[in-house]
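Numbering (my numbering), first residue to last: 27 to 379.
1) Within the same chain, show all residues whose beta-carbon is closer than 8 Å to that of residue 202, passing over the 5 residues directly before and after it, in chain order.
2) For the candidate residues 329, 306 and 251, whose alpha-carbon lies nearest to that of residue 295?
3) Per DSSP, what kind of secondary structure is residue 366 in: helix, strand or coil?
4) Mind checking which residues open and close the alpha helix (DSSP H) that includes residue 71?
5) Would you grab the beta carbon distance between residue 85 and residue 122 for me? Rounded to a whole angstrom, and I think it's under 8 Å.
6) Name the residue from 269, 90, 275 and 163 whose alpha carbon lies nearest to the alpha carbon of residue 261.
7) In chain order, what are the residue ranges of uninterrupted alpha helix (DSSP H) at least 4 long that sit wholly in the region 120 to 181?
8) Would you call the region 231 to 251 in contact with the region 327 to 344, where contact means no fewer than 3 C-beta pairs closer than 8 Å?
9) For residue 219 versus residue 212, is the C-beta distance shorter than 8 Å?
10) Could you give the DSSP three-state label for residue 284: helix, strand or coil?
11) Label residue 37 either buried or exposed according to how many other C-beta atoms from any shown protein chain fall within 10 Å of its C-beta, with 16 as the threshold for buried.
12) Kindly confirm or deny that the region 281 to 291 and the region 317 to 327 touch, where touching means at least three C-beta pairs closer than 8 Å.
13) Have a look at residue 117 and residue 93 and give me their C-alpha separation to the nearest angstrom.
14) For residue 298 versus residue 318, is the C-beta distance shorter than 8 Å?
15) If I follow the unbroken alpha helix (DSSP H) through residue 330, where does it start and stop?
16) Going by beta carbon distance, what residues of the same chain come within less than 7 Å of residue 451, once the five residues before and after it are set aside?
17) Entirely within the region 228 to 311 and at least 3 residues each: give me those beta strand (DSSP E) ranges in chain order.
18) Can you tell which of 56, 361 and 311 has the C-alpha that lies nearest to the C-alpha of residue 143?
19) Which word fits residue 77, buried or exposed, when buried means at least 16 other C-beta atoms lie within 10 angstroms of its C-beta?
20) Throw me the rounded Cβ distance for the residue 98 and residue 69 pair, which I believe falls under 8 Å.
21) Less than 8 Å between the beta carbons of residue 165 and residue 137, yes or no?
22) Roughly how many angstroms lie between the CA atoms of residue 192 and residue 171, to the nearest whole one?
23) Which residues does DSSP pair with residue 198 in a beta bridge?
24) How many angstroms separate the CA atom of residue 240 from the CA atom of residue 233?
25) I'd like to check one pair, residue 115 with residue 101: are the Cβ atoms closer than 8 Å?
26) DSSP beta-bridge partners for residue 113?
27) Buried or exposed: residue 141, going by 16 or more other Cβ atoms within 10 Å of its Cβ?
28) According to DSSP, is residue 343 helix, strand or coil?
29) Based on the DSSP secondary-structure assignment, which residues constitute the bridge partners of residue 204?
30) Comparing alpha-carbon positions, which option in 243, 197 and 49 lies nearest residue 175?
31) Starting from the Cα of residue 332, find the closest Cα among 258, 345 and 350 and give me that residue.
32) Tell me which residues share the same chain as residue 367 and place their Cβ nearer than 6 Å to its Cβ, disregarding the 5 neighbours each side in the sequence.
33) Per DSSP, which one or two residues make a beta bridge with residue 210?
34) Identify, in the order they occur along the chain, each residue of the same chain with its Cβ nearer than 7 Å to the Cβ of residue 264, setting aside the five sequence neighbours on each side.
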């Protein structure tokens, strides 16, 4: 039976990825606790599992005292010296017990404790696995769609893509494969829950990291992302290597790299702009595709007055102010856009971060 116990622990370690030592300690705790319940008193009990033979030994610890007040925890000097003459007052005597004499209820209790410990260890392994994926991308398959959300199968667990995290206008149906950004991992008492998103700005960042080797290896750096999910995003990039075209790397041959990201985001438009430490240059790039005549920055107020040609004003502002708004979020500057001449369109628009 003892060898069978060790074999069972070895199999659990391989099949469920639970460390054998964790299960050994759980078994020791369970046996000690069950034996205390079997004795029906608050005894100081410890169990030891021999890792080589599988033998389990149980000991009740009692302190040697001159006057015994609690028989569960203490023994007299005479009783101790009957076991061994070496004992003195204050010594702890370990009295061997026979775990085979457990009552049926105590044995069931021990089994339940071990099973609970195994389940906790499994949840811990799953949590560690998914916690490593936090702030990263996972590919899942849509299982079910209803008004409460989209149930996504992520492999060894499932998660719900809540309505607020779904791309506006995107169609979800059972069997569809989607990539989601994991922004939170929670460890519950019974299960692991993942918070996933298709609208998070970092989904765009991570998709480019997957598609652009230069971003993955650190040659090209993503400085910031501003996004209005399902409609348009702006991403600013740069490289310390003067021989590397950061924007070109993200666009890819014939636009293949940015095209793959756009396709994954169901056609969401993406502007890739060159980051610059010079605020005027950065703001100019951020307002693309509009042309800019000049940028007058106020460092203390972190505001910028941008002058554009009259025929570029609508483009610079964008539909319902979207282009100016995304540029402001991307750069972190309050941007005031004016035309160089009167035009039929509104002559000024202010965008804040």
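For each residue, glycine too, the CB sits at the ideal point set by N, CA and C.
None of the values given here were measured: they were computed from a predicted structure.
The short version:
1) One-based indexing of the chain shown puts residue 202 at position 176. For residue 202, the CB contacts under 8 Å within the same chain, skipping 5 residues up- and downstream, are 167 and 168 in chain order.
2) Start at 1 with the first residue of the chain shown, and residue 295 comes out as number 269. Nearest in C-alpha terms to residue 295, of all of 329, 306 and 251, is 251.
3) Counting from one through the chain shown, the residue named residue 366 turns up at place 340. Taken through DSSP and simplified to helix, strand or coil, residue 366 comes out as coil.
4) Sequence index remark: in the chain shown, residue 71 carries index 45 (1-based). Counting along the chain, no alpha helix (DSSP H) covers residue 71; the unbroken beta strand (DSSP E) around it starts and ends at 70 to 75.
5) Within the chain shown, residue 85 is the residue found at index 59, counting from 1. Within the chain shown, residue 122 is the residue found at index 96, counting from 1. The C-beta separation of residue 85 from residue 122 comes to about 6 Å, placing the pair in contact by the 8 Å criterion.
6) Locating residue 261 in the chain shown gives position 235, where the first residue counts as 1. The residue from 269, 90, 275 and 163 with its alpha-carbon nearest to that of residue 261 is 275.
7) DSSP runs (the alpha helix (DSSP H)) wholly in the region 120 to 181: 130 to 157.
8) As far as the Cβ criterion goes, the region 231 to 251 does not touch the region 327 to 344, which means the pair count is below three.
9) Start at 1 with the first residue of the chain shown, and residue 219 comes out as number 193. Start at 1 with the first residue of the chain shown, and residue 212 comes out as number 186. When the beta-carbon positions are compared, residue 219 and residue 212 come within less than 8 Å of each other.
10) Locating residue 284 in the chain shown gives position 258, where the first residue counts as 1. In the structure shown, residue 284 adopts helical secondary structure according to DSSP, grouped into three states.
11) Residue numbering aside, residue 37 sits at position 11 when the chain shown is read from its first letter. Exposure of residue 37 is indicated by the presence of fewer than 16 other C-beta atoms within 10 angstroms of its C-beta.
12) Taking one beta carbon from each stretch, the region 281 to 291 and the region 317 to 327 have fewer than 3 pairs nearer than 8 Å; the two do not touch.
13) Taking the chain shown and counting its residues from 1, one reaches residue 117 at position 91. Taking the chain shown and counting its residues from 1, one reaches residue 93 at position 67. Roughly 14 Å between the two C-alpha positions.
14) Counting from one through the chain shown, the residue named residue 298 turns up at place 272. Counting from one through the chain shown, the residue named residue 318 turns up at place 292. At a Cβ-Cβ threshold of 8 Å, residue 298 and residue 318 do not count as neighbours.
15) Position 304 of the chain shown, counted from the first residue, corresponds to residue 330. Not the alpha helix (DSSP H): residue 330 falls in the beta strand (DSSP E), residues 329 to 334.
16) Outside the shown range of the chain, which is 27 to 379, sits residue 451, and nothing can be said about it.
17) Those beta strand (DSSP E) runs which fall completely within the region 228 to 311 and span 3+ residues are 247 to 254, 258 to 264 and 295 to 300.
18) Locating residue 143 in the chain shown gives position 117, where the first residue counts as 1. Checking every option, the nearest Cα to that of residue 143 belongs to 56.
19) Residue 77 sits at position 51 when you count from the first residue of the chain shown. Exposed is the label assigned to residue 77, since fewer than 16 other Cβ atoms lie within 10 Å of its Cβ.
20) In the chain shown, residue 98 corresponds to position 72, counting from 1. In the chain shown, residue 69 corresponds to position 43, counting from 1. The pair is a contact, with the Cβ atoms about 5 Å apart (cut-off 8 Å).
21) Sequence index remark: in the chain shown, residue 165 carries index 139 (1-based). Sequence index remark: in the chain shown, residue 137 carries index 111 (1-based). Cβ distance not < 8 Å, so residue 165 and residue 137 don't count as in contact.
22) Locating residue 192 in the chain shown gives position 166, where the first residue counts as 1. Locating residue 171 in the chain shown gives position 145, where the first residue counts as 1. For residue 192 and residue 171, the distance between alpha carbons rounds to 12 Å.
23) The count along the chain shown starts at 1 and reaches residue 198 at position 172. DSSP output for residue 198 lists no bridge partner at all.
24) Mapped onto the chain shown, residue 240 falls at position 214. Mapped onto the chain shown, residue 233 falls at position 207. Using only the alpha carbons, I get a separation of about 13 Å.
25) For the purposes of this step, residue 101 is taken as the residue at position 75 of the chain shown. For the purposes of this step, residue 115 is taken as the residue at position 89 of the chain shown. No, they are not a contact pair.
26) The residue labelled residue 113 in the question sits at position 87 within the chain shown. Beta-bridge pairing by DSSP links residue 113 to no other residue.
27) By one-based count along the chain shown, residue 141 stands at place 115. Residue 141 counts as exposed, since fewer than 16 other beta carbons sit within 10 angstroms of its beta carbon.
28) On the chain shown, position 317 is the one that residue 343 refers to. If DSSP states are grouped into helix, strand and coil, residue 343 belongs with the helices.
29) Translated into positions along the chain shown, residue 204 becomes position 178. Beta-bridge pairing by DSSP links residue 204 to 166.
30) Numbered from its first residue, the chain shown carries residue 175 at position 149. Minimum Cα-Cα distance from residue 175 among the listed residues 243, 197 and 49 corresponds to 197.
31) Residue mapping note: residue 332 aligns to position 306 of the chain shown, counting from 1. The shortest C-alpha separation from residue 332 is found at 350.
32) On the chain shown, residue 367 is found 341 positions in, with the first residue counted as 1. Once the five neighbours on either side are set aside, the close Cβ partners of residue 367 are 336.
33) By one-based count along the chain shown, residue 210 stands at place 184. Beta-bridge pairing links residue 210 to 221.
34) Residue 264 sits at position 238 when you count from the first residue of the chain shown. If we look at residue 264 and ignore the five residues flanking it on each side, its Cβ neighbours are 247, 249, 272, 300 and 301.
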